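Reviewing the structure listed below.
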Amino acid sequence: MVYIYDLKETEKGKTIFEEIVKSSSKDSPWYELAASELNIINSKISLPKISIESNFVEIPDEYELVGNYPNPFNPTTKISYQLPNKAQVTLKIYDLLGREVAILVNEEKQAGKYEVEFDASSLSSGVYLYRISINDFVKTMKMMVVK
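Going by our numbering, the sequence shown opens with residue 4, and the numbers climb by one from there.
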């Protein structure tokens with residue numbers, strides 16, 4: 004009974020009870036106990052196993068701009084950021100003179116983690132800045148294009 008109730012190993016328990024029934028006489032208390040347990044095991048309704056898929060999205064605790072990768076790169080890199088709540092997001096690329104060279108994101112986004120691919124094939128080699136603005140959160144990081 005330990006196999007069935009404590010260890011939840013019904014098949015092992017069933018095998019043991021079957022052996023007891025085979026090796027005991029019908030007037031033995033062990034026979035009665037084993038036969039009774041076998042009846043219980045065999046009469047149990049087996050429920051189908053189901054699996055539940057998790058579609059939960061992890062919501063970040065804070066705004067964050069993650070370093071791009073790869074860095075240095077040629078010609079594409081990925082920039083990741085996260086939002087703890089719905090917000091207007093602006094992600095722009097600048098050269099070292101402060102000139103805007105690309106706008107990657109300029110829209111309202113739901114809370115979550117995001118990744119944007121930046122293609123710098125039209126830019127020359129050098130260091131560029133990427134800047135994210137989300138409500139009062141502003142962060143700038145640098146990346147290097149190598150051709």
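From the three backbone atoms N, C-alpha and C, an ideal C-beta is built for every residue, glycine too. None of these values were measured; they are calculated from a predicted model.
According to DSSP, residues forming a beta bridge with residue i
i, result
"residue 34", "Partner(s): none; residue 34 has no beta bridge."
"residue 129", "148"
"residue 123", "None, per the DSSP bridge assignment."
"residue 69", "83"
"residue 136", "93 and 141"
"residue 116", "85"
Spatial distance of residue i from residue j (CA atoms)
i, j, result
"residue 62", "residue 87", "6 Å"
"residue 144", "residue 135", "9 Å"
"residue 90", "residue 118", "16 Å"
"residue 34", "residue 40", "10 Å"
"residue 15", "residue 70", "54 Å"
"residue 153", "residue 139", "The structure shown does not extend to residue 153, since the chain is modelled only from 4 to 150, so the question has no answer here."
"residue 142", "residue 126", "22 Å"
"residue 114", "residue 93", "14 Å"
"residue 124", "residue 95", "16 Å"
"residue 122", "residue 101", "19 Å"
"residue 110", "residue 150", "31 Å"
"residue 130", "residue 73", "14 Å"
"residue 38", "residue 18", "12 Å"
"residue 67", "residue 107", "16 Å"
"residue 85", "residue 120", "15 Å"
"residue 99", "residue 75", "16 Å"
"residue 83", "residue 65", "14 Å"
"residue 137", "residue 128", "29 Å"
"residue 116", "residue 97", "23 Å"
"residue 42", "residue 23", "14 Å"
Endpoints, the beta strand (DSSP E) within which residue i is located
i, result
"residue 90", "90–98"
"residue 112", "103–112"
Contact belief for residue i with residue j at Cβ below 8 Å, rounded distance in angstroms
i, j, result
"residue 147", "residue 133", "Contact flag wrong, Cβ pair sits at about 11 Å."
- prompt: If we count Cβ pairs, one from each stretch, closer than 8 Å, do we get three or more for the segment 13–27 versus the segment 73–80?
  reply: no
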